[in-house]
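Start counting the sequence shown at 0; every next residue gets the next number (numbering that gives the first Met the number 0).
A quick write-up on the structure given underneath.
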Amino acid sequence: MGALVIGLAAGQQVWAQTAAEPAHGVDGAAPATADKGGEIIVTGSRIARRDYTSSSPISTVSSDFIAKTDSSTLETSLNQLPQIASSASSSTNTQARGGQASLNLRGLGQQRTLVLLDGRRVQPSAADGSVDLNVIPANLIGSIEVITGGASAIYGSDAVTGVVNLKLRRDVSGLEVSGKMGVTGMGDGQTRDFNAIAGGKFADGRGSAMISIGYSDRRTAPFDARAYLRGQVVVPALPSSLVNVSASNLPSQAAVNAIFAGYGAAAGSVSRSSQLSFNADGTLFAPTGAVNYRGSRNLPYIYYGGIQQFTTTDTYTAQTPLTRYNIYGRADYEVADDIKAFVEGWYTSYNVTTGGAYANAGSSSGKILSVPVTNPFIPADLRTYLASRPNPNAPFTITRFMQEAGTRAERNDYDVFQLTAGLNGKIRSARLDWSLVASFGKTRALTTETGYPSSSALQTLLSAADGGRSLCSGGYNPFGPTPNSASCIAYIARTARNVTELKQTNVEANLAGDLFQLPAGTLKFALGANYRENTYAFSPDNLISSGDLANFLPVFGSSGKTRATEAYGELLIPVIKDAPLIREFNIDASYRYSHYNTVGGISTYKVDGDWTVIDGLRLRGGYSRATRAPSAGELFAATNLGQAPIGSPGLIGSGDPCDSRGAYRSGPNASAVTALCLAQGVPASLITGFTNTNPRVPFQAGGNTALRPETADTYSIGLVLNPRLASPWLSHISLSVDWYSIRISRAIGQITNTVALSQCFDGTVNPTFSSSNYYCSLLARDATNGQLTVIQNPLLNLASYKTTGIDTQLDWRVRFDEIGWKGKGSFGINTVITYLDSFKIKNFATAPTLDYAGTIGNQQIDLFADAHPRWKATTGVTVTLESVSAGMRWRYLGAMANAANVGTGGTAHGVPAVSYFDFDLAFNVGKQFTLSLGVVNAFNKTPPVLNDNVTGVLATDPYTYDLLGRRFYAGIKARF
């Protein structure tokens with residue numbers, strides 16, 4: 000009988016010989032079972048076998064689990080699994096991931112989680128090789144198997160932390176039409192999902208085919224519509240210009256005192272080195288202390304940290320809008336006895352729009368805007384200020400939040416397809432199965448940037464003798480929040496477009512079967528080879544590559560190709576059977592050799608043991624050496640510049656350590672810190688009252704062709720209890736407990752802005768506070784004003800990441816008919832709990848090892864997966880009775896400390912534990928219709944605050960916590 004692909008819940012056995020009570024996955028839904036005498040293939044192995052239970056921890060996510068959410072995208076439900084760290088998703092309103100949604104097993108990076116579709120590689124959507132789950136509609140999924148731990152020996156590179164295998168439906172007969180709609184309790188964030196699937200057999204049953212089409216729409220949900228999110232992000236500037244003069248050409252203090260005395264301010268209340276801005280009437284004010292500030296003090300303005308600041312959450316969304324169209328088709332045909340052919344194809348077109356605050360022109364994130372003293376719009380008090388300089392005719396520079404240009408927005412249009420064709424068959428006389436499969440896929444991403452002005456156009460207006468009146472109506476006045484004409488805005492506004500293309504070709508051949516009999520059973524094997532090619536190409540708009548787009552640092556074109564040729568082998572070795580206390584003991588060993596055109600040859604291997612002590616008690620464990628070769632993007636991406644927040648200076652580990660308001664400048668090492676700041680380039684004339692004016696500091700990153708493969712050593716030991724007790728109350732219960740340890744060596748990662756700053760000024764890492772320290776060498780400052788101009792974020796083979804923990808899963812189900820109750824139905828509980836014992840990062844051999852277990856806020860591995868709670872759990876309760884089922888889901892995140900305190904001695908507060916509760920109800924109307932209703936986050940739990948008005952960052956963690964609040968959904972499915 001042919002191999003049957005099914006899913007296993009963690010620690011549970013599929014009883015192929017009876018199928019009386021199939022194993023249950025997460026949320027209590029049962030996967031398919033094997034027919035009598037059949038064999039099954041489980042994720043993590045290439046060998047089909049009878050009565051098999053996985054020697055690696057596997058969780059199976061059912062289609063019911065996926066359906067019990069208001070979202071049509073897969074990551075929303077999968078991120079609820081404790082083994083998965085919430086990462087880029089529907090709430091990721093940032094341009095850094097372009098609206099993509101990814102999976103991140105164990106919090107070790109989405110690029111280390113291999114996503115498969117029916118056991119085969121999926122077309123990647125990002126340069127690091129990761130898969131965007133937006134391309135796979137949820138309605139196509141039958142079940143999902145999640146195996147944590149290295150699986151490179153079975154599937155090749157990328158399976159460092161595990162595999163997520165999306166298993167498509169194969170049970171379609173006739174026509175099925177479904178629709179689901181959702182809305183938040185605030186009346187926004189609407190979701191709509193409509194799908195149609197048709198399938199059936201042809202050619203007298205020798206062939207089968209199915210086709211699916213779908214449409215999904217997800218609307219935005221504004222931050223400012225929610226009181227608990229309103230005003231969270233602040234920047235130390237107003238939507239007005241800031242004047243910057245050279246430290247070597249400062250105005251006189253007497254002139255500054257005289258100007259502000261006219262406003263009623265005391266002499267010395269504003270330093271001659273202070274930045275100045277403008278009120279609507281053209282008078283000056285100092286943002287630090289808000290001296291003579293005459294504007295509004297209500298949102299979007301806020302006074303914090305001694306500075307009048309501007310909030311930007313009016314430009315943020317709690318849900319990223321998405322529109323998606325998709326089509327999927329598959330045909331299978333028995334071309335001859337024991338030979339089958341199939342062809343499969345899918346295409347997804349979708350767009351995602353992310354937003355941002357107003358562009359900041361003239362800042363360190365772009366070209367400098369120079370203003371000549373002849374500009375006719377210069378206010379009278381500013382002229383007095385400028386005239387008091389030693390060189391009164393020297394131009395000065397400004398930075399300006401371009402509110403008149405509108406908010407920044409990035410629209411990403413994706414077109415992704417993959418075609419797969421293959422043959423598989425049997426050689427019955429030799430008890431062999433074989434397959435040959437080839438696939439080709441392509442991703443094209445068009446990124447459109449709006450809301451950015453042209454730096455050169457701005458400079459032309461500022462330099463014009465008439466202030467630009469001859470170029471646009473009224474000319475351009477940058478001094479104050481005064482409105483400028485539509486024609487001036489049109490003169491400076493620009494739209495830029497970038498194109499990224501990714502291609503993947505994969506060909507693989509597999510052979511599996513029986514070798515010979517051993518005393519304990521049949522020795523089974525699997526052999527295979529494959530060829531894989533990935534290409535990457537990025538073509539930026541000339542506006543971006545030239546650096547002319549304000550607030551958008553230059554990004555350059557790049558391209559590259561990686562090729563891998565691989566061969567693998569796997570053995571299932573029966574060692575002992577029917578001995579005292581050894582009902583059965585098997586060893587599964589596998590080895591893979593890969594040769595890359597970029598890094599040469601690498602080997603991976605895995606050994607697992609599976610020991611059935613007695614019926615119902617099983618021990619399992621093993622060791623795996625996994626590898627990940629650097630992706631095309633990591634190798635070949637051109638140098639690019641971006642911006643990242645560094646936080647406020649109030650606490651150790653946050654902000655610019657040279658800021659005079661910060662903890663570094665007032666702590667026990669204050670004098671050494673001051674000396675280091677001077678050595679880095681902060682002018683002596685500014686050091687006493689130096690303040691950082693840019694909370695989002697530019698960084699420079701890019702590919703590195705010198706990268707080597709990273710390796711991972713994974714150990715696991717587990718216990719599985721699945722007793723078949725006589726009591727009907729306990730006859731369907733199972734428990735699994737698995738300890739894991741993953742250590743990644745030569746991990747490919749970045750030194751981020753916050754890490755570079757905190758480690759440079761850390762007395763343990765840099766005990767002599769030397770400017771030649773490696774971390775300090777990554778920092779660059781403007782010699783005229785001391786501001787950070789760029790921080791290098793090199794992509795390197797770092798020392799190591801290591802994480803250890805324990806996974807526990809309990810499944811309990813009671814059938815009503817077995818306990819004497821009338822009616823068909825059941826009651827079930829499923830809970831999956833993860834305890835994180837350690838999460839350690841070591842950057843270099845000489846660097847300290849820092850443990851981030853139980854913390855939130857470290858973004859070194861994944862910008863969007865910065866939460867590492869000690870405890871994380873998902874528990875589902877389901878009751879079914881005749882045609883009705885009801886369920887409750889409890890999602891728990893443990894309390895976490897602030898990651899900024901790790902290794903720094905900081906005192907930043909953390910976050911409390913959070914629980915979310917979801918409820919669902921479904922009932923059948925006849926045999927054709929199923930109706931479903933549900934509420935997510937039923938008690939409207941608001942997200943905790945991590946950063947109290949830290950400049951440039953959200954107060955809450957948008958990737959870990961539910962930002963939308965309570966929401967409702969309703970769906971209908973019809974079968975014909």
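All residues carry an ideal CB built from backbone N, CA and C; glycine is no exception.
- Listed in chain order, the beta strand (DSSP E) runs fully inside the segment 789-864 are 794-796, 799-814 and 824-841, counting runs of at least 3 residues.
- According to DSSP, residue pairing for residue 623 in a beta bridge involves 605 and 713.
- When secondary structure is reduced to three states using DSSP, residue 686 falls in the coil class, being assigned neither helix nor strand.
- At a cut-off of 3 residues, the continuous stretches assigned as beta strand (DSSP E) that sit fully inside the segment 309-364 are 316-318, 321-335 and 338-357.
- Approximately 14 Å separates the beta-carbon atoms of residue 226 and residue 963; this is outside 8 Å, ruling out the contact.
- Relative to the Cα of residue 752, the nearest Cα in the group 700, 554 and 781 belongs to 700.
- Residue burial is scored here from C-beta neighbours: residue 583 has at least 16 other C-beta atoms within 10 angstroms and is therefore classed as buried.
- Distance from the CA of residue 655 to the CA of residue 691, rounded to the nearest whole angstrom, comes to 6 Å.
- At least 9 Å separates the beta-carbon of residue 169 from that of residue 333.
- Apart from the 5 residues on each side of it in sequence, residue 462 sits with its Cβ closer than 7 Å to the Cβ of 371 in its chain, given in chain order.
- When the alpha-carbon of residue 715 is set against those of 42, 57, 46 and 41, the nearest one is in 57.
- Residue 613 sits exposed, since fewer than 16 C-beta atoms from the chains shown fall within 10 Å of its C-beta.
- Selection 113, 775 and 117 evaluated against residue 127 yields 113 as nearest (Cα-Cα).
- Of the other Cβ atoms in all chains shown, fewer than 16 fall within 10 Å of the Cβ of residue 927; this residue is therefore exposed.
- One thing to note: residue 375 has its Cβ within 9 Å of the Cβ of residue 466.
- Per DSSP, residue 699 is one residue of the beta strand (DSSP E) stretching across 695-700.
- If you check the CB distance, residue 536 and residue 565 do not come in under 9 Å.
- Within 10 angstroms of the beta-carbon of residue 704 lie fewer than 16 other beta-carbons, which makes it exposed.
- A straight line joining the alpha-carbon of residue 190 with that of residue 965 spans about 14 Å.
- For residue 534, the secondary structure class from DSSP, reduced to helix, strand or coil, is strand.
- Between residue 508 and residue 415, the CB-CB gap reaches or exceeds 9 Å.
- Excluding sequence positions up to five before and after residue 531, its CB lies within less than 6 Å of the CB of 505 and 563, all in the same chain and listed in chain order.
- Between residue 407 and residue 448, the CB-CB gap stays under 9 Å.
- In the DSSP secondary-structure assignment, residue 426 is bridged to 431.
- Here residue 244 is near residue 395, since their CB atoms are less than 9 Å apart.
- Distances from the CA of residue 74 to each of 430, 99, 174 and 353 were compared; the closest alpha carbon is that of 99.
- Residue 954 and residue 903 have their alpha carbons spaced roughly 21 Å apart.
- Scanning its chain for C-beta atoms nearer than 6 Å, with the 5 sequence neighbours on each side dropped, one finds around residue 514 the residues 522 and 524, in chain order.
- Ranked by how close their Cα comes to the Cα of residue 868, the residues 70, 54 and 82 have 82 in first place.
- Secondary-structure assignment with DSSP links residue 895 through a beta bridge to 910.
- Beyond the five residues adjoining it in sequence on each side, residue 797 comes within less than 6 Å, by CB distance, of 746, 748 and 842 in the same chain, given in chain order.
- Scanning the segment 227-269 from its first residue to its last, the whole beta strand (DSSP E) runs of 3-plus residues come out as 240-243.
- With respect to the C-alpha of residue 625, the residue from 634, 592 and 972 having the closest C-alpha is 592.
- Secondary structure of residue 921 (DSSP, three-state): strand.
- Excluding five sequence positions before and after residue 383, the CB atoms of its chain that fall closer than 7 Å to its own CB belong to 254 and 258, given in chain order.
- By the CB criterion at 9 Å, residue 166 and residue 143 fall inside the cutoff.
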